[in-house]
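For reference, the structure is listed below as structure tokens.
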Amino acid sequence: MLKKLFQSFRPPVPGTHHRRTTPEVINKSQHSLQRHQFSRHAVNIVERLQSAGYQAYLVGGCVRDLMLGITPKDFDVATSATPEQVRAEFRNARIIGRRFKLVHVHFGREIIEVATFRAPHSEDDQGDSHRSSHNSSGRILRDNVYGTLEEDAQRRDFTINALYYDPVSERILDYANGVHDVRNRLLRLIGDPTHRYQEDPVRMLRAVRFAAKLDFGIEKHTVQPIRQLAPLLREIPPARLFEESLKLFLSGQGAMAFEMLVDLQLFEPLFPASAHALDERPTYAHTLISQALQNTDLRVKQGKPVTPAFLFAALLWPALPARVLHLQNQGVPPIPAMNGAAHDLIAEQCARIAIPKRFTLPIREIWDMQERLPRRSGKRADMLLDNPRFRAGYDFLLLRESAGEDTDDLGQWWTDYQDANDSERREMIRELGSRDEGAGPRKRKRSTSKRKRGGDEASE
């Protein structure tokens with residue numbers, strides 16, 4: 001996989017890095033886009049804004065994706081109208097955000113995001129903290145300096161996201177050679193990469209996400225500063241990093257994104273404890289996380305639902321056993337040791353990525369099941385089977401085994417137990433006999449055809 005990753009870092013195309021002050025106009029006879037491919041609500045917004053005397057275009061990912069034959073997830077509009085002017089045109093509009101003020105126009109469940117053209121920040125703008133502000137490292141804290149279409153194009157992050165489609169004339173306006181880069185499957189930042197990453201370090205994560213999702217190469221000047229600037233991610237609010245993490249790992253290309261994050265030293269600022277575990281036990285930790293992400297990618301491709309809880313449980317698990325063992329060596333019993341270590345690990349992780357409580361609780365329940373699943377004597381096996389988190393814990397057990405962890409064939413025992421009838425289950429419990437609690441039983445005939453592979457719980 002790393003070989004494929006390195007091959008994706010293609011060199012820049014000579015002569016394509018210069019900024020344009022006037023756009024290349026691609027007429028409808030020169031491209032494959034058609035207005036009916038776009039959301040009719042987004043097209044309606046553009047038409048109404050233009051009729052009111054404003055400039056307005058469909059922009060960014062929806063244009064890029066349709067050029068690539070991908071169905072867009074959402075449709076964004078860029079306009080010369082201010083947020084207040086947009087809201088005045090649409091009664092179903094709501095202004096959101098402070099750092100980057102936007103308008104959401106609601107059409108039932110569909111929301112069209114409308115952004116006003118942005119301009120570069122000047123010294124005069126810095127004097128108005130409501131419009132523009134930066135921190136000491138150059139990160140933009142507030143970005144409400146409005147400008148022209150040309151300025152807006154240069155403020156966008158990647159060339160492939162700086163394409164403006166006019167559904168009225170059916171033309172594409174290209175200020176940054178974005179059409180060329182789309183056709184050549186090349187990801188390239190607009191402007192000086194170091195400065196653009198300092199403005200918003202999350203752009204480094206977006207570079208990884210787009211390269212993995214679109215199977216694009218990353219131009220060498222775009223990738224070169226990332227390892228050095230990776231620590232800047234520690235300054236990003238944890239709530240924002242949670243949203244970015246979901247986009248990285250639930251896009252259907254999470255396994256490739258993980259490889260790129262590790263290679264570009266972006267994984268450690270996001271998951272410091274897991275990154276340490278990767279250094280301590282590289283084969284096991286890498287295999288477990290990669291397998292979990294591959295399972296998730298497969299579910300996404302199959303159109304099956306996924307949940308972040310199982311995935312975050314896998315991303316953090318490699319850091320947990322050493323902490324549990326440390327507490328057990330201090331005399332703490334196994335389950336309280338698991339609870340204490342899990343609490344501390346999740347608290348530390350939430351300082352970097354703000355995982356909501358609706359996910360941290362099932363994460364801890366999945367981990368807790370790993371201590372309970374070996375305890376099968378008496379009525380415990382049936383009680384565990386009835387536990388609402390059994391399936392999650394069982395799938396996670398199989399994931400651990402697929403990463404090479406020795407559980408004394410515990411996963412196969414639980415697979416057989418689920419398939420067995422009542423009398424067979426009683427015999428399996430008797431077979432445990434005088435064995436130490438948690439040890440594996442005498443091996444039965446393996447029913448591998450019925451055994452579920454780890455990761456199915458990503459949907460539960």
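Residue numbers (the working numbering): 1 to 460. The beta carbon of each residue, even a glycine, is placed where N, CA and C say it ideally should be.
query                                                                                                                                                                            : result
Residue 56: buried (16+ other C-beta within 10 angstroms of its C-beta) or exposed?                                                                                              : buried
Anyone know if the C-beta pair for residue 38 and residue 75 falls short of 8 angstroms?                                                                                         : yes
Taking the alpha carbon of residue 234 as the point to measure from, which residue in 146, 271, 262 has its own alpha carbon closest?                                            : 271
Contact between the region 192-201 and the region 214-228 is defined here as three or more beta-carbon pairs at a separation below 8 angstroms; is this criterion met?           : yes
Specify whether the region 286-293 and the region 309-316 touch according to this definition: at least 3 beta carbon pairs, one from each stretch, less than 8 angstroms apart.  : yes
Note the first and the last residue of the continuous beta strand (DSSP E) segment covering residue 164.                                                                         : 163-166
DSSP on residue 69, reduced to helix/strand/coil?                                                                                                                                : coil
Can residue 353 and residue 241 be called in contact, C-beta distance under 8 angstroms?                                                                                         : yes
Run through DSSP, which three-state label would residue 202 get?                                                                                                                 : helix
Whose CA, out of 402, 95, 253, 99, lies closest to the CA of residue 113?                                                                                                        : 95
Could you tell me which whole alpha helix (DSSP H) segments of length 4 or greater appear in the region 79-103?                                                                  : 83-89
Quick one: what's residue 179 bridged to in DSSP?                                                                                                                                : Paired residue(s): none; residue 179 is not in a bridge.
Quick one, which of 105, 399, 370 has its alpha-carbon nearest residue 387's?                                                                                                    : 370
Touching or not, the region 246-254 and the region 297-304, by the rule of three or more beta carbon pairs under 8 angstroms?                                                    : yes
Based on Cα-Cα distance, which residue from 216, 266, 262 lies nearest to residue 229?                                                                                           : 266
Would you tell me roughly how many angstroms separate the C-alpha atoms of residue 379 and residue 428, rounded to the nearest one?                                              : 12 angstroms
Buried or exposed: residue 275, going by 16 or more other Cβ atoms within 10 Å of its Cβ?                                                                                        : buried
Which term fits residue 67, buried or exposed, when burial requires 16 or more other beta carbons within 10 angstroms of its beta carbon?                                        : buried
Check for me: the beta strand (DSSP E) holding residue 415 runs from which residue to which?                                                                                     : Residue 415 -> not in any beta strand (DSSP E); alpha helix (DSSP H) instead, spanning 410-419.
Kindly indicate which residue of 365, 404, 377 has the alpha-carbon position closest to the one of residue 394.                                                                  : 365
How would you label residue 83, buried or exposed, when you count the other beta carbons within 10 angstroms and need 16 or more for buried?                                     : buried
State the Cα-Cα distance for the pair residue 431 and residue 397, rounded to the nearest angstrom.                                                                              : 21 angstroms
Given that a residue counts as buried once 16 or more other Cβ atoms are within 10 Å of its Cβ, and exposed if not, what is residue 177?                                         : buried
Ignoring anything shorter than 4 residues or poking outside the region 15-63, list the alpha helix (DSSP H) runs there in chain order.                                           : 40-51
In chain order, what residues of the same chain have a beta carbon less than 6 angstroms from the beta carbon of residue 414, not counting five sequence neighbours either side? : 394
How is residue 393 classed by DSSP in three states: helix, strand or coil?                                                                                                       : helix
Here's the rule: buried if 16 or more other CB atoms are within 10 angstroms of the residue's CB, otherwise exposed. What is residue 383?                                        : exposed
When the distance is taken between beta carbons, is residue 151 closer than 8 angstroms to residue 115?                                                                          : no
Quick one: grab the DSSP three-state call for residue 110.                                                                                                                       : strand
Output the distance between the C-alpha atoms of residue 340 and residue 198, rounded to the nearest integer angstrom.                                                           : 37 angstroms
Would you please state the rounded distance, in angstroms, between the beta carbons of residue 93 and residue 77? I believe it to be under 8 angstroms.                          : Not really, about 11 angstroms apart at Cβ, beyond 8 angstroms.
If I'm right that residue 359 touches residue 309 with Cβ under 8 angstroms, what's the distance once you round it to whole angstroms?                                           : 4 angstroms
Would you kindly check if the distance between the Cβ of residue 149 and the Cβ of residue 63 is under 8 angstroms?                                                              : no
Mind checking residue 73: buried by the 16 CB within 10 Å criterion, or exposed?                                                                                                 : exposed
Residue 88 and residue 49 - do their beta-carbons sit closer together than 8 angstroms?                                                                                          : no
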